[in-house]
Amino acid sequence: MASSQSPIAVSAHTWGKSQVLNVDGVLDGSTYRELRDAVIKTALDEPRAVIVDVTDLQVLAESAWCVFTSARWHVSVWPDVPLILVCRNAGGRDAIRRNGITRYVPLYSTLESAHAAARSDDLEPPRRRARAQLPAVHSSLRRARQLVAEWLTNWSQADFIPVAAIVVDVLVENVLEHTLSAPRLIVESRDDAVTIAVSDDSRAPAVRHEDPRRGGDTVSGLAVIAALARAWGSTPTSTGKTVWAVIGPENSL
1 MASSQSPIAV SAHTWGKSQV LNVDGVLDGS TYRELRDAVI KTALDEPRAV IVDVTDLQVL
61 AESAWCVFTS ARWHVSVWPD VPLILVCRNA GGRDAIRRNG ITRYVPLYST LESAHAAARS
121 DDLEPPRRRA RAQLPAVHSS LRRARQLVAE WLTNWSQADF IPVAAIVVDV LVENVLEHTL
181 SAPRLIVESR DDAVTIAVSD DSRAPAVRHE DPRRGGDTVS GLAVIAALAR AWGSTPTSTG
241 KTVWAVIGPE NSL
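Numbered by full-length UniProt numbering, the letters in the sequence shown go through residues 1 to 253 in order.
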């Protein structure tokens, strides 16, 4: 997952429904973002939990442990996948606790105990998920709306289609207008909410701003999403970012 030239290495394997990341090397200012994005990218694939073994990780400044609270914050609303730390060294566990990381991310002394904790929630609500790679052409706007309508209809959630169509239109259009990427569409249903997400290869975060060339009365697409959705965000990935919006029954049009 990490570059072979990097002073940090992240390897992954599956354990049941969870994903385990083994981290080796040095965590400092030059590797902070690389490790954070690796954790986030793993969470975006929506395993039951992301378990990170930091036993062999060298942390030069204890404040760098906050990389894990940062990663947790980025995925806390969506996809809301639990992040769990494992450290077999008592000194490492003390440093993690001393820096307040365990207020947000649970910590265990063994992989076995972390895996047991990840399995403990057997009543996790089911998720339905669909995805599609779209070409970087304007007709992808229409195709994205069609796919969202098909998926939500198949999931018996057609009431969400009007607002979901607006959201996906904004997200795909932003990728086509502001990046050179081909949009990657993800739609997810969980409990009473639907999430629309679009990934691209640009590391520039999505931010609300108005275009002065269009006049002050023109509202940006992300401002529309902020008004329509329950929550929205821009989550960094190892290759770019994913911009997402969660809509619930209260957002129906």
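Backbone N, C-alpha and C define an ideal beta-carbon position, used for all residues, glycine too.
With a 10 Å radius around its C-beta and 16 neighbouring C-beta atoms as the bar for buried, classify residue i as buried or exposed.
i	result
ASN251	buried
LYS17	exposed
PRO249	exposed
GLU188	buried
SER140	buried
GLY92	buried
HIS115	buried
ALA204	exposed
SER4	Confidence at SER4 is low in this model, with a pLDDT of 46, below 50, so the placement of that residue is unreliable and no value is reported for it.
GLU177	exposed
ALA43	buried
THR110	exposed
THR14	exposed
GLU62	exposed
ALA158	exposed
Do residue j and residue i count as a contact pair if the criterion is CB distance below 7 angstroms?
i	j	result
VAL198	PRO183	yes
TRP151	THR195	no
ALA38	GLY25	no
ARG179	SER202	According to the sequence displayed, residue 179 carries Thr and not Arg. Cβ atoms of THR179 and SER202: closer than 7 angstroms.
ARG36	ALA71	yes
LEU134	VAL105	no
ALA132	LEU185	yes
ASN99	TRP65	yes
GLN19	VAL67	no
residue 317	GLU46	Lying before the first or after the last residue shown, residue 317 is absent from the chain, which here runs from 1 to 253.
Tell me whether residue i sits in a helix, a strand or coil according to DSSP, three-state version.
i	result
ALA71	helix
ARG142	helix
LEU253	coil
GLU150	helix
THR195	strand
GLY216	Unreliable placement is indicated for GLY216, whose pLDDT of 48 sits below 50; the coordinate value is still reported in the next sentence. Coil, per DSSP.
ARG88	coil
VAL23	strand
LEU180	coil
LEU123	Here the model assigns LEU123 a pLDDT of 45, short of 50, so the residue's position is not dependable, and the following value carries that caveat. Three-state result, LEU123: coil.
ASP201	coil
ASP80	coil
Kindly give me the distance between the Cβ atoms of residue i and residue j, rounded to whole angstroms, as I take these residues to be in contact under 8 angstroms.
i	j	result
VAL52	LEU27	Going by Cβ atoms, the distance from VAL52 to LEU27 rounds to 11 angstroms, so no, they are not a contact pair.
PRO126	LEU253	That pair is no contact at about 26 angstroms.
ALA231	VAL246	5 angstroms
VAL75	ILE40	6 angstroms
LYS241	ALA193	That pair is no contact at about 21 angstroms.
residue 255	ASN154	Residue 255 lies beyond the stretch modelled for the chain, which goes from 1 to 253, so this question has no answer here.
VAL137	ALA165	In fact, because the Cβ distance is near 19 angstroms, the residues do not count as touching under 8 angstroms.
Run the proximity test for residue i: is its beta-carbon closer than 6 angstroms to any non-hydrogen atom belonging to the ligand MG?
i	result
LEU21	This structure lacks the ligand MG; in fact it carries no ligand of any kind.
Any C-beta of chain D sitting closer than 7 angstroms to the C-beta of residue i?
i	result
VAL59	Chain labels in this structure do not include chain D; a single protein chain is all it has.
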